[in-house]
Amino acid sequence: MNVKKLLAISMVWWVAQGAQAAEPASVDSIKELMDISQSKSLVELSVDQIDGNVKTTLDQLLQGQSVNPQMQEIIDDTREKTVALMKRSMRWEDLEPKFIDLYQRTFSEEEVQGMLDFYRTDAGKAVIAKMPTVMQNSNVLMQQHMGAIMPELQQIMLDAAKRIAEAKKQQPAAKS
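Below you can see the structure in the form of structure tokens.
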């Protein structure tokens, strides 16, 4: 056998091995991973926290402002509509196929099996059990952080609105 044939056979073999290694994860293994990692519960927890997050965000936006009854009604209506929209759009039944597709595009079967192996260990079970607390505390941390920068962020938005209003005044009238 000459060197060229040997090289060609070697290349075909290596390409075939690479293709096998990159086999996308199966739907069944992804569903098992989502089940063992309690993905559905984490999504549901996030949805349950939406109302508090929206309330906190609206409170931060209005920080230091007096709110009359009409304004409060608008705030409450906005919160209700926002929460309802988020709950409708974040149903697990709608999200699961999208997560499966995402996992298939991102992870190989071997990688998903490795994650499953990890989540079956005591350390993996601890990660699963503690992740909702980590997520909740991260959420609180981010809200506190955003609260600290909210006045500056509001000022940036107000400045932008003023600049846009000024730019509109300087714009020539549109021809009919």
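FYI, the numbering for the sequence shown is -21 to -1, 1 to 155, going by mature numbering (1 follows the signal peptide of the UniProt record, and there is no 0). Positions of the beta carbon are idealized from the N, C-alpha and C atoms, including for glycine. Computed from a predicted structure; not experimentally measured.
In angstroms, rounded to a whole number, what distance separates the CA positions of SER20 and LYS34? 22 Å
In terms of alpha-carbon separation, which member of ASP73, LEU120, ASN32 lies closest to THR57? ASN32
Could you check if LYS10 belongs to the surroundings of the ligand NAP, using beta carbon to heavy atom distance under 7 Å? Of ligands this structure carries none, so the ligand NAP is not represented either.
Environment of LEU12 [buried if 16+ CB atoms lie within 10 Å]: buried
Can you name, in chain order, every residue of its own chain whose Cβ lies under 6 Å from the Cβ of THR61, other than the five neighbours on each side? VAL33
Range of the contiguous alpha helix (DSSP H) that encloses PHE78: 71 to 85
For PRO151, the three-state DSSP class (helix, strand or coil): coil
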